[in-house]
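Every number in my numbering is 1 more than the matching position in the sequence shown, counting from 1.
Written below as structure tokens is the structure these notes are about.
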Amino acid sequence: MYLRMAKRLLLETDKRLLWKLAYNFGFKGALSVQRFKRRLKKKGEYFPPFLYVSVINSCNLRCQGCWVDVSAKQQTISLESMNRLIREAQAAGNSFFGIVGGEPFMHPQLLEIFAAHPKCYFQVFTNGHFITDEVAKELRRLGNVTPLISVEGTELISDERRGRTNVLSKTMQGVENCLKNRLITGVCTSVCQTNLEDFVNEAWIDRLIDMGVLYTWFHVYRPMGPLPNPDLCLSKDQQRRIRQFVVDMRAKKPIGIVDAYFDGQGQALCPAAVGLTHHINPWGGIEPCPIVQFAKESIHDPRPIDQVISQSAFLRDFRELAAKSTRGCIVLERPDLLHELVVLHSADDQTVRKSAHAELQAMQNRPSQYSPGEEIPERSWAYRIAKSLFFHDFGAYQNLGPVL
Ligand code: SF4
């Protein structure tokens, strides 16, 4: 498998883009995790090596389970504010940024943001609808961007899941434009009841490889926002089936498969609880993660971003509560505890609809990625080594309480 993967990287990519991925993301990303570890050890300070930034709230789609105020008045993070944020994060050792939304390609200055930071690497979570051939050409010229395009179902399911028509064909046109311009292209799915059978199978992986897609990511559906559709949620067994599938495909198929919820031994983790990542919303609010829509701090604070985050009592207490409660997702497993924390800190509801409190209070406890005693370790040595060095819990769960 490794030789086939190497062959794909050598033969299917633009070498300049491959170099940017290897250096700006791979090498410098690893250095940023080392700096994260040193900060933690020396000063007990948390500044995440991977920030996820929602640059805009607007989107052309209306997905089930979406927590973003996509139909509210458009709010963006300006080029100036993004430049300041990125420069300050770079000063603290970061080079990778996840760009989310809404639909990021609706941001009028998105390409300028990428162009202003050639030494950084950006992963853009997008529905692909605005990636024309011209946009893809510009992304190739820049070289420091990987589009991660979400495919949520077959044609009918895509329209149903995303609240518009012809969704899949427009998304696949975006994928095609990226591949034609030899971008490092990924495809992701938020796996739920209506697309589990269509995507969690070998045939779909083979199709992605045949298309030229270089990596994929299977998220697990979260019942969030004003249209949570909890009936789409996956059972504990279905989540475990996805984990087994990912582990098996990693050892067998020449395609990268990302996950953010397990270390090399298959132990569950929450990337926000261990401090690896936090989220910034379009208004500048600094949230524990995209679906925890509460904040006490903002990027518009005069202090540098690393100080704002490392000095945040709310983020610290979120990490400690989440790590004490579960190795899984506290939003799914114990939304009640999370709501108590939000109230304790009088954290601001960051939504325009001002219903985040009610939504959190209405949530039921659900299974997440944590199944103690049922861990599935990585079969691939490459993933085991990479995770043992750069993606694990960094000691965050030493105070983990009994299983709730
Ligand atoms: S709280 Fe849940 S959704 Fe948020 S980062 Fe943790 S596991 Fe993921």
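For every residue, glycine included, the Cβ atom is placed at its ideal position computed from N, Cα and C.
query: Is the CB-CB distance between residue 126 and residue 100 below 8 Å?
result: If you number the sequence shown from 1, residue 126 lands on position 125. If you number the sequence shown from 1, residue 100 lands on position 99. Yes.
message: Please state the DSSP three-state secondary structure of residue 156.
response: Looking up residue 156 in the sequence shown gives position 155. Helix, per DSSP.
- request: Quick one: measure Cβ to Cβ for residue 123 and residue 52, integer angstroms, because I've assumed they're closer than 8 Å.
  value: Within the sequence shown, numbered from 1, the residue matching residue 123 stands at position 122. Within the sequence shown, numbered from 1, the residue matching residue 52 stands at position 51. Contact flag wrong, Cβ pair sits at about 11 Å.
query: Going by alpha carbons, who is nearest to residue 340 out of 302, 381, 369, 296?
result: Here residue 340 refers to the residue found at position 339 when the sequence shown is read from its first residue. Nearest C-alpha to residue 340: 296.
- prompt: With a cut-off of 8 Å, do at least 3 Cβ pairs link the segment 72-83 to the segment 303-319?
  reply: no
task: Have a look at residue 280 and residue 67 and give me their C-alpha separation to the nearest angstrom.
output: Translated into the one-based positions of the sequence shown, residue 280 becomes position 279. Translated into the one-based positions of the sequence shown, residue 67 becomes position 66. The straight-line gap from Cα to Cα measures roughly 16 Å.
query: Is it a yes or a no for the segment 357-377 touching the segment 212-232, going by three-plus beta-carbon pairs under 8 Å?
result: Result yes; three or more Cβ-Cβ pairs closer than 8 Å.
message: Taking only three categories from DSSP, how would you classify residue 1?
response: For residue 1 there is no data in the structure shown, the boundaries of the chain being 2 and 405.
- prompt: At a cut-off of 7 Å, is residue 210 close to the ligand SF4 when judged by its beta-carbon and the heavy atoms of the ligand?
  reply: What you label residue 210 is simply residue 209 of the sequence shown in a count that begins at 1. No, since every heavy atom of the ligand SF4 falls outside the 7 Å radius drawn around the Cβ of residue 210.
message: Using a Cβ-Cβ cutoff of less than 7 Å, which residues in the same chain neighbour residue 348 once the five nearest sequence positions on both sides are dropped?
response: Taking the first residue of the sequence shown as 1, we reach residue 348 at position 347. Taken in chain order, the residues that qualify are 295, 296, 297, 315.
message: Let me make sure I understand the geometry here. Which of 26, 217, 146, 92 has the alpha-carbon closest to that of residue 48?
response: Along the sequence shown, one-based indexing puts residue 48 at 47. Comparing Cα positions, the closest option is 92.
message: Whether or not the segment 181-197 and the segment 213-224 are in contact is what I'm after, with contact meaning three or more pairs of Cβ atoms, one per stretch, closer than 8 Å; do they touch?
response: yes
message: I need the straight-line Cα distance from residue 112 to residue 162, nearest angstrom please.
response: For the purposes of this step, residue 112 is taken as the residue at position 111 of the sequence shown. For the purposes of this step, residue 162 is taken as the residue at position 161 of the sequence shown. Roughly 28 Å between the two C-alpha positions.
- request: Kindly give me the distance between the Cβ atoms of residue 102 and residue 146, rounded to whole angstroms, as I take these residues to be in contact under 8 Å.
  value: The sequence position of residue 102 within the sequence shown is 101, counting from 1. The sequence position of residue 146 within the sequence shown is 145, counting from 1. In this structure, residue 102 and residue 146 do not form a Cβ contact; the two beta carbons are roughly 15 Å apart against a cut-off of 8 Å.
- request: Answer yes or no: the CB of residue 300 versus the heavy atoms of the ligand SF4, is any distance below 7 Å?
  value: For the purposes of this step, residue 300 is identified with residue 299 of the sequence shown, where counting begins at 1. Checking the Cβ of residue 300 against the ligand SF4 gives no.
message: Taking 7 Å as the cut-off, is the beta-carbon of residue 271 closer than that to any non-hydrogen atom of the ligand SF4?
response: As a first step, residue 271 must be located in the sequence shown, where it is residue number 270. Indeed, a heavy atom of the ligand SF4 lies less than 7 Å from the Cβ.
- prompt: Got a sec, what are the start and stop residues for the alpha helix (DSSP H) residue 360 sits in?
  reply: Position 359 of the sequence shown, counted from the start, is the residue given in the question as residue 360. Element bounds for residue 360: 357-363.
field: Opening and closing residue of the alpha helix (DSSP H) in which residue 279 lies
entry: As a working note, residue 279 is residue 278 in the sequence shown. Note, residue 279: premise wrong, no alpha helix (DSSP H); beta strand (DSSP E) at 278-281.
Cα-Cα separation between residue 264 and residue 22, rounded to whole angstroms: For the purposes of this step, residue 264 is taken as residue 263 along the sequence shown, with counting starting at 1. For the purposes of this step, residue 22 is taken as residue 21 along the sequence shown, with counting starting at 1. Looking at the backbone, the Cα of residue 264 and that of residue 22 are separated by about 22 Å.
- prompt: According to the Cβ coordinates, are residue 1 and residue 192 closer than 8 Å?
  reply: In the structure as shown, the chain starts at 2 and stops at 405, and residue 1 therefore has no counterpart that could be examined.
query: In chain order, what residues of the same chain have a beta carbon less than 6 Å from the beta carbon of residue 333, not counting five sequence neighbours either side?
result: For the purposes of this step, residue 333 is identified with residue 332 of the sequence shown, where counting begins at 1. Excluding its 5 nearest sequence neighbours in each direction, residue 333 has C-beta neighbours in its own chain below 6 Å: 367, 369, listed in chain order.
query: Where are the alpha helix (DSSP H) runs, 4 residues long or more, that stay fully inside the segment 140-220, in chain order?
result: DSSP runs (the alpha helix (DSSP H)) wholly in the segment 140-220: 156-163, 168-181, 197-200, 203-212.
task: Let me know the alpha helix (DSSP H) ranges lying completely inside the segment 30-80, each 4 residues or longer, listed in chain order.
output: none
task: Please state whether DSSP places residue 226 in a helix, a strand or coil.
output: The residue given as residue 226 occupies position 225 in the sequence shown. Note: residue 226 maps to coil in three-state DSSP.
- prompt: Given that a residue counts as buried once 16 or more other Cβ atoms are within 10 Å of its Cβ, and exposed if not, what is residue 326?
  reply: Here the question's residue 326 lines up with position 325 in the sequence shown. Burial call: buried.
message: If contacts are defined as beta-carbon pairs under 8 Å, then residue 129 and residue 164 qualify, I think. What distance do you get, rounded to the angstrom?
response: Within the sequence shown, residue 129 is the residue found at index 128, counting from 1. Within the sequence shown, residue 164 is the residue found at index 163, counting from 1. Not confirmed; about 16 Å, so no contact.
task: Would you mind reading off the limits of the alpha helix (DSSP H) that contains residue 332?
output: On the sequence shown, residue 332 is found 331 positions in, with the first residue counted as 1. It spans 331-334 - the alpha helix (DSSP H) in which residue 332 sits, taken as one unbroken run.
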